[in-house]
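Colleague: Numbering (this note's numbering), first residue to last: 71 to 284.
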């Protein structure tokens with residue numbers, strides 16, 4: 071860890087490899103608190119859906135996961151954020167970090183030129199994730215946002231999203247359940263000639279690489 075890392079003096083700093091006194095003390099205090107909590111029957115966990123709602127809402131206004139990690143000032147990495155989807159609970163301290171980030175970014179749209187902005191918005195639209203201001207109480211598990219309505223993304227946006235996420239021509243044809251000729255004509259009608267040509271070129275490259283490998 072670098073000397074200016076904001077995790078110094080916290081259990082996270084110890085996990086990240088710092089063995090200085092500041093992080094050793096924080097780790098010991100953390101372990102002691104967890105033991106006392108176990109004895110007293112105190113659960114300091116938060117259900118992950120509360121975290122995911124915040125992450126998804128930020129994606130809906132264009133914040134990509136790497137950009138969120140960058141804005142967290144060392145509180146979490148992009149791997150940590152991606153990992154939330156695989157857990158049922160997080161520690162209260164982790165939830166507080168996510169909530170801090172959410173409150174910091176919820177009214178700030180990232181620069182349109184920032185990498186991943188369009189991709190994040192498209193993915194959120196495709197998944198039907200409401201933006202921050204759609205929620206009256208984001209921590210109410212039963213709430214369904216009333217001042218925002220999900221509209222399925224247009225097929226053009228879906229195709230662009232698939233391309234951004236690295237899907238090849240064969241995969242996209244399978245997802246859309248169309249043949250190559252029909253897809254080529256559809257791309258021509260919808261101004262996606264360049265994207266279609268790039269998909270074809272990438273497919274040819276993969277085919278050549280496959281022949282060389284064999």
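Note that beta-carbon positions come from the ideal geometry of N, C-alpha and C, so glycine has one too.
Which of helix, strand or coil does DSSP assign to residue 133?
Modeller: The residue you call residue 133 lines up with position 63 of the chain shown. If DSSP states are grouped into helix, strand and coil, residue 133 belongs with coil.
Colleague: Report the three-state DSSP secondary structure of residue 264 (helix, strand or coil).
Modeller: On the chain shown, residue 264 is found 194 positions in, with the first residue counted as 1. Here residue 264 carries a helix assignment [DSSP, helix/strand/coil].
Colleague: Measuring straight from C-alpha to C-alpha, what distance separates residue 182 and residue 136?
Modeller: For the purposes of this step, residue 182 is taken as residue 112 along the chain shown, with counting starting at 1. For the purposes of this step, residue 136 is taken as residue 66 along the chain shown, with counting starting at 1. Rounded to the nearest angstrom, the two C-alpha atoms are 15 Å apart.
Colleague: Return the CA-CA distance between residue 254 and residue 163, expressed in angstroms with no decimal places.
Modeller: Translated into positions along the chain shown, residue 254 becomes position 184. Translated into positions along the chain shown, residue 163 becomes position 93. Roughly 51 Å between the two C-alpha positions.
Colleague: First and last residue of the alpha helix (DSSP H) that includes residue 116?
Modeller: One-based indexing of the chain shown puts residue 116 at position 46. Not the alpha helix (DSSP H): residue 116 falls in the beta strand (DSSP E), residues 115-117.
Colleague: Return the chain-ordered list of same chain residues with a C-beta closer than 6 Å to the C-beta of residue 191, the five sequence neighbours on each side being excluded.
Modeller: In the chain shown, counting from the first residue as 1, residue 191 sits at position 121. Contacts found: 132.
Colleague: Relative to the alpha-carbon of residue 265, which residue among 275, 231, 249 has its alpha-carbon at the smallest distance?
Modeller: Along the chain shown, read from residue 1 onward, the residue named residue 265 stands at position 195. When each option's Cα is compared against that of residue 265, the closest is 231.
Colleague: What does residue 160 pair with, by DSSP beta-bridge criteria?
Modeller: Within the chain shown, the letter at position 90 stands for residue 160. 116.
Colleague: In this structure, does DSSP put residue 86 in helix, strand or coil?
Modeller: Residue numbering aside, residue 86 sits at position 16 when the chain shown is read from its first letter. Here residue 86 sits in coil by DSSP.
Colleague: Do residue 145 and residue 225 have their C-beta atoms within less than 9 Å of each other?
Modeller: Here residue 145 is taken as the residue at index 75 of the chain shown, counted from 1. Here residue 225 is taken as the residue at index 155 of the chain shown, counted from 1. No.
Colleague: Tell me which residue opens and which closes the alpha helix (DSSP H) that residue 358 is part of.
Modeller: Nothing can be reported for residue 358: it is not among the residues displayed for the chain, which extend from 71 to 284.
Colleague: When we look at the beta-carbon of residue 152 and count the other beta-carbons within 10 Å, is it buried (16 or more) or exposed?
Modeller: Working through the chain shown from its first residue, we reach residue 152 at position 82. Label assigned to residue 152: exposed.
Colleague: Alpha carbon to alpha carbon, how far is residue 126 from residue 246?
Modeller: For the purposes of this step, residue 126 is taken as residue 56 along the chain shown, with counting starting at 1. For the purposes of this step, residue 246 is taken as residue 176 along the chain shown, with counting starting at 1. Their backbone Cα atoms lie some 25 Å apart in a straight line.
Colleague: Could you check if residue 121 is buried or exposed, using at least 16 other CB atoms within 10 Å of its CB as the buried criterion?
Modeller: Here residue 121 refers to the residue found at position 51 when the chain shown is read from its first residue. Classification for residue 121: buried.
Colleague: Quick one, are the C-beta atoms of residue 228 and residue 189 less than 9 Å apart?
Modeller: Within the chain shown, numbered from 1, the residue matching residue 228 stands at position 158. Within the chain shown, numbered from 1, the residue matching residue 189 stands at position 119. Their beta carbons are not under 9 Å apart, which means residue 228 does not touch residue 189 by this criterion.
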